[in-house]
Structures are given as structure tokens and as C-alpha cells.
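Protein chains: 2
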Amino acid sequence: MKRFLSALLVVAAIVALSGQPARRRVSLLVTGGTVITQNAAHRILAPGALAIDGTDIVDVDTPAAISAKYQAAETIDARDQIVLPGLINTHTHAPMVMYRGLADDLALMDWLTKYIFPAEAKTVSPELVRVGTRLAAVEMIESGTTTFVDMYYFEEEIAKAAFEAGLRGVLGETIIQFPVADAKTPAEGLARAERFIKEYKDNGLIVPAVAPHALYTNDKATLAASAALARKYGVPIVIHFAETEDEVKTAREQYQMTPTAALESIGVLGETTIGAHGVWVNDADIAILKRTGTGVAHNPESNMKLASGAAPVTKYLAAGVKLGLGTDGAASNNDLDMFEAMRQASFLAKHATHDPTAVKAQDALDMATMGGARVIGMEKVLGSLEPGKRADLITVSMRSARQTPMYDPVSHLVYVTRGDDVRTTIVNGKVLMSDRRLRTLDREQVIADANRLAARVRDAVAPR
Amino acid sequence: MKRFLSALLVVAAIVALSGQPARRRVSLLVTGGTVITQNAAHRILAPGALAIDGTDIVDVDTPAAISAKYQAAETIDARDQIVLPGLINTHTHAPMVMYRGLADDLALMDWLTKYIFPAEAKTVSPELVRVGTRLAAVEMIESGTTTFVDMYYFEEEIAKAAFEAGLRGVLGETIIQFPVADAKTPAEGLARAERFIKEYKDNGLIVPAVAPHALYTNDKATLAASAALARKYGVPIVIHFAETEDEVKTAREQYQMTPTAALESIGVLGETTIGAHGVWVNDADIAILKRTGTGVAHNPESNMKLASGAAPVTKYLAAGVKLGLGTDGAASNNDLDMFEAMRQASFLAKHATHDPTAVKAQDALDMATMGGARVIGMEKVLGSLEPGKRADLITVSMRSARQTPMYDPVSHLVYVTRGDDVRTTIVNGKVLMSDRRLRTLDREQVIADANRLAARVRDAVAPR
């Protein structure tokens, strides 16, 4: 005790002698990188620094100003790196990493009915979902995703694995008309969803959601019941919509409406609805999405690989529809790298509109950050680096040959950066990866577990 | 001498006692990986091994068979890796890495006339070309490209830098109607090209070529003179063609023909011609390309980023046109990663044809290997791992989370692998990179030199 008091006196003396005020103690500093804040003014500090305390960003300023004002238990040196908001993946099915590359280059219905559905019927289990989510978490943390929107089975296992990994998630339990691994009927699925919502509704990282799979895989009553459940608890709805041209045909036959209009008529759309794909929409549909405040998750890689079409991204942006980016599940992509999603969003929009000025690098980065935050209704706490917001951020190396020279950091983030360039991933103020070392997951164990279960998946689809 | 003889006797005794014949001494073994040979039967050895002696592959077999037959000064352990032919980039402008990200998201003519041409006019020099090529060489070696087809200015500097780096190149000196950094007139360019051809025509790595820039940037006489020069020395012609819809319009006005037909009429097409882009071709044009034996370099990323259109890849493949992949220059891509080019070739073809079965993973890999070899007329010595062919090969790690699990190595190469996964790059039997350490280039020096020159480029395009 005496020794401690002496030390304290020495510190006080040093502060007094240096003429500087005592610095505020915070939990974490990130200093020295080019800080791309993604705030409303698109402010970039080169170099910049952040002070983080607990779960929140408390200050963004120059390195000198931050070091004068704060001291922290841990400091991350981000020199030669870009510091930016963590990327928000607005549409995926995390455990489907277990099926990546299982079957490619097939027509959508062949792919689903000959490979994915049979593989899922035989192999989806709480264990596979848990192991798959851990593998997806490794991949997401390593590639700079800090928040993901999910829809799958045994979503409570996904929530548990994501929470343990430290990732933020908007996680929707699937509601679907036919029997699936975790529910024989939609009613069973809804009951499971309600239990899941109750368990997670006050969690600081996990937002539970209801995920009616799509218009064409649920009847009207199930869709309405799903929407009612979401409204009862004030949680998001996650749904696929207007992904393929076939879906438009089916909706016209069944509802005499577009998928978008049909979903609105059933009460599925709204401020807390996250609709994935939105490829086949007309101008009236876009107006519906804007009016209802529905968020759209654009998945350029999945849409290209499955030849679904090109979502009218420039029209969405012009109309002010909430627009985020997603990777979709790894069975149809085949990875969870949001840097690829940004690049593809830009490339596909330019190609589809015959306009090289469409979806500029900055637009793609906006979609992956603030856009995603708006889609999930968390724009007040996520999507940019500003005091008072949650500390969800990443640092990205810029020292590769392919990133040399660097004239424009935003161009480089979108056009030449890979998920593997991410060095640090921080969610809710907690460092999940530092200098590419994972802190919340045992990487080798996760990969070994995934490879062990993959043998079962391989057997399940093996021709007899 | 006595000691040497004793040692020899001991070795002989061991061989005699073990009952095994003496193993053939070779220069290099690569053993233990999944060997994707890309031979006509698409044979895959899992695991496999290669014996390399001097510049050539002498054997491809199981690891046990190879180790029984050969001993080598150096052995590369490729366990957990895929071994495949080095990738052939059939279209780039290597030194343009110096302009990557300098200006993006612009209409083609704005991009060229406001940024690229002014930057080139003020900064292209032998030094910039040398430094830029070294930077490009680092990037290519690190991302698994072993051969590149180039078109730029001061091509002799590119040849020198590529040769020193140990890369294989088909390198075309640019012929263009207007004054450029290395030639005031096309005649000067042709004279420079002839000197370059004479200097390099018997080089084991570098194939010199004549590169008339395009139909729309050269008059008929210059194009004919370029073709004549190439024929005189039996060297390839490298040219841009049918890249944009505007180019078709211009050709119709000037020649009352498509660009492809016009180039044929001038005598530019043929078995040794490498035409880049080929986006705007009709069925008659495709027949011309097939009949003349002209090779096509497909550049999906550049075509998407500049909104040029989608080359009819499936038609080219159906017609049997020689088809390879290219990255184009890094100013319009923005990198030289051939894994991205493969992925984009598949994605873009699926999207453009509305057919998810178009350009399967295997098709994309074929284009980047044997297809590229055919385009450059080197299919007898490059493009696959077979005894008697040149030892141009790479090993690629498959241990990342995004590559887990692995059901199909070819799917993984195309859909989830990045250039950064390449561990070993071998050209002409020489190891240019081992375990990601470069052996022929001083990486830090190359990057420092590039950053130094980049400051000049930045000044050259700075608004006044």
C-alpha cells in the first residue's frame, strides 16, 4: 500500500511538472492510421486516432490530440493502415459455409433440389450449425465484418456462437412452409422463433429476428403470423424477396401482384424489415420500399453466380431506399468477404447500367457501412466512427504490392483490398482480432471441427 | 579426393543394401500437394509430385513414385496446397500499376483524356517504366502469374525488368499514331520495335512483339507496317480490338466494317495475333477470329469497371476461338490478380447469359492456363503440368477459413482463392518465390521506389 502511494505521488509529480492535465483513462486507443470516419461529411483524418471506452467511441481526433487527452490499457498501432467502421453484412446464412463449393455452376433449382436441400435434410443439426457458425465467425472477423444479418435453422445456436465470438448479429429464425431440420411445421418454427426472441431480446450484441424465408416458400397465413410475431416483440423481419424472375411469375399467378406489392399487402414490409436481393423490382416496387422504410440487402456476388440478375442499385440510391450489402450464404458466393461484395457492387452496377460512373468506390463503401446500419435500423449507433457510437471498427493494411502506390484510400478499399488485409477487428469495444491473431476463437480447433463435419456432408450428397 | 571416394562407396553400399536403383539427380522436386495438371484428361493427383530438371518438368507422379525415382538439390513441400500451372495473363500494361487508383469511376474518355494521358505525358520515362514493371513483377509473382502479355512504351525496359525478375513475357512495343513518350511518330515506334525484336528474339523468357495500339488509334498504313514488321521476324502482334461500342461505330464510319473485319482486311489478324477485349463482335467476327487463328484476351474486370460490355465468352468457347484471360492494366482494374480474373470471368458470363451453368470453375481455370498458352502460341510448352513442358507452376495454400471445408479444389481455386494464397511461384524451373519470400526482387526497395515516383505522378495530375 505504501509503495502504491509512493508511485501515485511520483505520477502526480510528473503530471504537475509536465504542466499537462491528467489524461482520461479509457479502455482502448487506436492510433496512427488513416481514419475514414464515414460520418455525414465523409471526414478523413490522415493520420487520425480513436479513443474507446467500454463499448463506445469517446473521441476521434489527431494522434497527438488523442494521446494528450487519453491514456489506455491497450493501444493499437495502426500506422500504414486504414481505420474504418466495421463492415455490416446485411444478408447471409452463416452455417452454410459448411456447404461452400459443394456444388457450383448449376441452375438454381438443380442446385437447391439436388444438392443443398438433400445435404441440409441429412446434415443440419445443432452441432453443424454451431460448428459452421464458428467457422463463419473466424472468416467474418478475419475479413472485417463486425455485424451480420442471418437467416437459418437452429438460430439460437448461431446466436450463442456469434455472442461467444463477440460478433454483432441480427439473427432470424427461419419460418418456412415445409418441414425442416428444426421445425416440422411453420407453427413449430414460430414457437421456436418466439422462444429465441425472448431469450435474446435484451442482449447487447444479438438482435433476434423472425425470418419468413420468402413469399414463394410460405403461405399468406404464415407470412402474416411471422409479421405479427415480429411486431409483438418489436424485432426485425428478415426475408428473401424478388430474387429471381421466376419468383415474379409465381407471385403474379398467386397474388396478381409483384413479390414486393404482395409482401406489402400481407403486412410484411416496414421500417424493421430487411429484404434480401430485391433484384426484380419495378419503379412502383421501389416506391413501396421507400414508403414503407423497408431495407434492402444487395448481394451482387450471389446474384451473378446464380445468374439471378442485377438489382437496380442506382435507382434504389436515387430513391433513397435504405440499401446495404450482403454476401449471401457461402454456398452461393462462395465466401463471406465484404470487400469482394463492395467491389462487385461497383462492377455489376457499372456493367448493368453501361455507366462507369455508377456506384463509385465511395458509394460502395457507404453501402457496406452507413447503408447497412440504416438497413438494420442501427444508424444511430453503428456505421460510422463518431463519439457516442458503438466501437465497431477495423484496421486494414495498405502495404501490399497490389496496394502500391496509394493515391486514394477509398478507391483502394473497394478496388484492391481483400478481407485478408484486415489486421484488427473490434466489436462493441472488444478486440476480436489483433495483428491477425484471433482472441475469442481457437482457429485451429474451429477448422478441424469443420473438416470433421464436412466428411458427413460429403457422404450425404455422394451418388449411390 | 580419397574422402570423396569413401563417401561414394558408402552411398553405393546403401543403395545396394536397400535394393533400390540409384535415383536420378534433378534440380527441384515439388511434392505432397493436390496436383491439378490441366492436361487433356484434366488429371488431378491427390497427392501428387513433380520432378523438375533445369527449365523443364521431367515427371509428374505420386509423391512416393517421385521420391523413389529422383533426388534433388531443393524440395518444396506442398502439403495442404494445390499445385497448378502458372497463370498466364494475356493482357496487361505492367507499368500502369503506377497509375492504379489515380482516377476511378469516370467515363472512359474522361478517364483517358483528363487523367491517364496527361499523367503519362508528364511522367512516362524509362525510369517509371522500370520501377513500375518491378512493382508489377512483385505483384504478379506474389499472385501466381508466371507469364504476361504486355503492351506499353519503352518496352525494352519492361523486358529487362521482367527478365531480371525471372518472369516470362510476350512484350509488345506500342505503335500509335500520335506522339508518345518513346516515339514522336509511328515510324519511330516501328524502328524502336525492330531494335527491341532484334535484341530479344532469342531470349528464353522474353518473346518480343509488335503492339499497334488499336484500329482507332492507328491509320491503315501504320497497322499494315506493324503487321509486316511482325511477319518479318515471326513475332506476335498484340492489339486492342472491339473493346467498346464506340469503336464499332468509328470502324463502320471509317472502314464500313466491324473492327474485327477491318483488322482482318488490313492483315493484322492471324495465328500469332493476340487481340485484347473482343467485347463487341458479331457471329461473323467470331468466325473470322476462328478462321484466322487469332487469340482473344478476355478482361472481365476491366470491361465491367469501364462499363465496356460483356465479351461473348460462351460463344467464343463454342466456336473454338483461342481464349485467354487478362487483367488489363492496373489503372483500369485495379490489380493484376488472375484469381480475380477467373472469378469475374465466371460471374460475368453467368450474369450476361442468364445461365448459372455458363463458364464453370473448370472453364475459367482452363482459360487462365491452357487457354492462355494457346493464345500466345505456346501450348506445346506451357499451360499444363506435363513432362517435357517448361516448369512454370505455382503452389496455393488451402488452409484459410474461407477455403474450409474443401469439397472441390477447382471450385476453390476460382471462387474463394486470392492471389495472396500463392506460396510458391516457379518459372522456367527457377523458384521466384518460396513460402512467399521473393528470390529475385528486393520487395521493400521496389515498393519504396514506386512510392517515390508516385509523388511525381500525383503532382502531374494535381489541379492547378
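Chain order of the listed sequences is G and C.
Quick note: my numbering has the first sequence finishing at residue 1457, numbered continuously throughout.
Quick note: my numbering has the second sequence finishing at residue 1457, numbered continuously throughout.
Ideal Cβ placement from N, Cα and C applies to all residues, glycine included.
- Counting along the chain, no alpha helix (DSSP H) covers histidine 1291 of chain G; the unbroken beta strand (DSSP E) around it starts and ends at 1288-1291.
- Interface annotation, threonine 1085 of chain G: not in contact with chain C, CB-CB separation never under 7 angstroms.
- Per DSSP, the beta bridge partners of threonine 1027 of chain G are G/Ile1075.
- Here valine 1131 of chain G is not near histidine 1084 of chain G, since their CB atoms are 7 angstroms or more apart.
- DSSP places phenylalanine 1234 of chain G outside any alpha helix (DSSP H); the residue lies instead in the beta strand (DSSP E), whose first and last residues are 1230-1234.
- DSSP places lysine 1191 of chain C in the helix class (H, G or I) of the three-state scheme.
- Per DSSP, alanine 1066 of chain G is not a residue of any alpha helix (DSSP H); the beta strand (DSSP E) it occupies stretches across 1063-1070.
- For serine 1377 of chain C against alanine 1357 of chain C, the beta-carbon gap comes to about 16 angstroms, at or over 8 angstroms, which does not count as contact.
- Contact check for alanine 1269 of chain G against alanine 1255 of chain G fails: the beta carbons are separated by 7 angstroms or more.
- Within the segment 1066-1094 of chain G, contact with chain C at the beta-carbon level (separation under 9 angstroms) is assigned to Val1090, Met1091, Tyr1092, Arg1093, Gly1094.
- Residues of chain C whose Cβ lies closer than 9 angstroms to the Cβ of serine 1377 of chain G do not exist, since the nearest Cβ in that chain is about 22 angstroms away.
- Distances from the CA of threonine 1138 of chain G to each of G/Asn1444, G/Asp1328, G/Thr1251 were compared; the closest alpha carbon is that of G/Asp1328.
- Residues of the segment 1333-1346 of chain C with a C-beta atom less than 8 angstroms from some C-beta of chain G are Gln1337, Ser1339, Phe1340, Leu1341, Lys1343, His1344, Thr1346, listed in chain order.
- For leucine 1299 of chain G, the C-beta contacts it makes with chain C under 7 angstroms involve Pro1349, in order along the chain.
- Restricting attention to G/Ala1218, G/Ala1334, G/Gly1182, G/Thr1362, the CA atom closest to the CA of phenylalanine 1171 of chain G is found in G/Gly1182.
- Residues of the segment 1376-1408 of chain C with a C-beta less than 8 angstroms from any C-beta of chain G: Arg1392, Ser1393, Ala1394, Arg1395, Thr1397, Pro1398, Met1399, Tyr1400, Asp1401, Ser1404, His1405, Tyr1408, listed in chain order.
- Put simply, the backbone Cα of histidine 1086 of chain C is about 23 angstroms away from that of aspartate 1195 of chain C.
- Between aspartate 1330 of chain C and the set G/Tyr1309, G/Lys1225, G/Gln1396, G/Asn1292, the nearest pair of CA atoms involves G/Gln1396.
- As computed with DSSP, glutamate 1166 of chain G is found in a beta bridge with G/Tyr1145, G/Val1203.
- Judged by beta-carbon spacing, threonine 1388 of chain C lies within the 7 angstroms limit of glutamine 1074 of chain C, meaning their Cβ atoms are closer than that value.
- Among the CB atoms of chain C, none fall inside 7 angstroms of the CB of glutamate 1236 of chain G.
- In the three-state scheme derived from DSSP, where H, G and I count as helix and E and B as strand, histidine 1270 of chain C is classed as strand.
- In this structure, the beta-carbon distance from phenylalanine 1189 of chain C to glutamate 1166 of chain C falls below 7 angstroms.
- From the beta-carbon of lysine 1353 of chain G, the residues of chain C found nearer than 8 angstroms are Asp1097, Asp1098.
- Within the segment 1256-1272 of chain C, no residue places its CB atom closer than 9 angstroms to a CB of chain G.
- For a cut-off of 8 angstroms, the C-beta gap from serine 1219 of chain C to isoleucine 1168 of chain C is around 5 angstroms, short enough to register as a contact.
- Taking the beta carbon of valine 1131 of chain G as reference, the chain C residues within 7 angstroms of it are Ala1394, listed in sequence order.
- If you check the CB distance, methionine 1371 of chain C and valine 1231 of chain C do not come in under 7 angstroms.
- Annotated three-state conformation of histidine 1344 of chain G is helix, per DSSP.
- Bridge pairing for methionine 1426 of chain C: C/Thr1418, C/Leu1431 [DSSP].
- Distances from the alpha-carbon of proline 1088 of chain G to those of G/Val1274, G/Ala1096, G/Gly1125 put G/Gly1125 closest.
- DSSP, read as helix, strand or coil, puts leucine 1375 of chain G in coil.
- Interface with chain C (7 angstroms Cβ-Cβ cutoff): alanine 1207 of chain G is excluded.
- By a beta-carbon distance limit of 8 angstroms, asparagine 1296 of chain G contacts alanine 1303 of chain G. Their separation comes to about 7 angstroms.
- Annotated as distal: glycine 1047 of chain C and valine 1028 of chain C, with beta-carbon spacing of 7 angstroms or more.
- When the beta-carbon positions are compared, leucine 1021 of chain G and alanine 1065 of chain G come within less than 7 angstroms of each other.
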